[in-house]
Ligand code: PMP
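In our numbering, the protein residues as written are 509 to 936.
Given below as structure tokens:
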């Protein structure tokens, strides 16, 4: 596999960029070797600077659900580029996207757009505290909710990959109100609810940041009941799952309604957009209507809104969710067959268009069981997939994603790569 130009850029990049990247997972630290640098992408394919072509299962960690440079989306962006980039005053696009989002999530009367998932979640936490007048937050081990101080505890993928328990620079005071529960374990939530002062429970309803882990339907049902019975807000972090698991996100798929919903990724179609929304009574706490302050120079950016609107319209039209389900089921079967043929211990977790393998005998249901995966085996598997033309997230603990632009041919290519990669794992 030719990587000379990536090596050259990596070497140059390290001088003025931290680790030559702007987000840690891009450094390929957990799989070793040189991170690839991207030249361009179109549809289901992504091309690195050495001209290697890959089927893209990273999809920028989720936003590119239509694939890259969808023609309808691109036409819209070009049209809006001619009108200016940012104004510091409101535009019609914000109202259109807000209506589209609120129409989809029944628990949402109003929404506020921000610039990232991190911002959406940190604002949602502030809002939950403002609304309830309470301080403590329950989060689940292995769930990632962005890199704000109070949520950087037991926070899944990036940290699990780097084996960092939390982060330096986060003062104890910042996390003293963050209580950790176990995913799929309702008793661990109940225990914390005995304390007063719990404002909210935040969850990735389908976890994607410790690899894919789905909640049992009993767990989600009980979580909702517990939140209601204890006057605690339920925050669904649907930054990854919103418009991806279903058009109405994990809430539609799992049949529940959160008090506050956080969005990101797909809602901006590849531009930096995050959002948080809730019923009127809660959202009216937010400035300028209420006393919870939150603002942003570039929030509701007109190009980002145009891209989000076009992406959601196109997605709704294509309605790919049952096809995604079939494709993911096919990949699961193929991975399991290849593992069996080669005597490799393997679990495959998937939900909707999110899927990933774990190299372990143990059924993966939470962060602890996710960590039983043999990450050396993942490393071998990852590089063989890359050599065979499939771009995967360079971490055991990240989900792979599907896009509507993927063709049967792409999926067969992924299958062939899986067969070679599984054999390489067995031979190692
Ligand atoms: N929440 C979840 C569930 C996420 O998956 C992510 C990003 N992977 C975030 C929040 C943070 O989003 P961003 O990287 O846009 O800040």
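A virtual CB, placed ideally from N, CA and C, is assigned to each residue, including glycine.
Of the residues 824, 812, 903, 881, the one whose Cα lies closest to the Cα of residue 591 is 812. In terms of side-chain proximity, the C-beta atom of residue 868 is found no nearer than 7 Å to any non-hydrogen atom of ligand 1. Straight across, the Cα-Cα distance linking residue 517 with residue 739 is about 53 Å. Annotation for residue 697: no beta strand (DSSP E) segment contains it, though the alpha helix (DSSP H) segment containing it runs 694-701.
When rounded, the separation of the alpha-carbon atoms in residue 752 and residue 573 is 7 Å. Leaving aside the five residues that flank residue 808 on each side, the residues in its chain whose CB is nearer than 6 Å to its CB run, in chain order, 602, 621.
For residue 800 and residue 613, the gap between their C-alpha atoms comes out near 23 Å. In the DSSP assignment, residue 760 falls within the alpha helix (DSSP H) that extends over 757-762. The criterion of a C-beta distance shorter than 8 Å is not satisfied by residue 530 and residue 804. Closest option to residue 644, judged by alpha-carbon separation, among 581, 651, 635, 782: 635. Rounded to the nearest whole angstrom, the CA to CA distance from residue 727 to residue 795 is 35 Å. For ligand 1, residues qualifying as neighbours are 624, 625, 626, 653, 654, 712, 745, 747, 748, 772, where qualification means a beta carbon closer than 5 Å to at least one of its heavy atoms (chain order). Nearest to residue 784 by C-alpha distance, out of 823, 835, 628, is 628. Note that the stretch 730-745 touches the stretch 755-772; at least 3 beta-carbon pairs, one per stretch, sit closer than 8 Å.
When 790, 838, 857, 920 are compared, the shortest CA-CA separation from residue 616 is found for 790. As for any beta strand (DSSP E) of minimum length 3 sitting wholly inside the stretch 536-564, the runs are 546-550, 553-556, 561-564, ordered along the chain. In the assembly as shown, residue 509 is an exposed residue. Its beta-carbon has fewer than 16 other beta-carbons within 10 Å. Secondary structure at residue 860: coil, using DSSP grouped into helix, strand and coil.
In the DSSP assignment, residue 855 is bridged to 866. Per the coordinates, the alpha-carbon of residue 905 lies some 12 Å from the alpha-carbon of residue 876. Contact between the stretch 861-881 and the stretch 512-528 is absent, with fewer than three C-beta pairs closer than 8 Å. Here residue 651 carries a coil assignment [DSSP, helix/strand/coil]. Beta-bridge annotation (DSSP): residue 770 is paired with 745, 784.
Excluding the 5 residues flanking it on each side, residue 928 has same chain C-beta neighbours closer than 7 Å at 892, 896, in chain order. When DSSP states are grouped into helix, strand and coil, residue 835 belongs to the helix group. Here DSSP, grouped into helix, strand and coil, assigns residue 800 to strand. In the assembly as shown, residue 782 is a buried residue. Its beta-carbon has 16 or more other beta-carbons within 10 Å. Taken through DSSP and simplified to helix, strand or coil, residue 687 comes out as strand. By the CB criterion at 8 Å, residue 806 and residue 861 fall outside the cutoff. Between residue 562 and residue 553, the CB-CB gap stays under 8 Å. Under the three-state reduction of DSSP output, residue 886 falls in the helix class. Taking a cut-off of 8 Å for Cβ pairs, the stretch 817-833 and the stretch 573-586 touch, as three or more such pairs fall below it.
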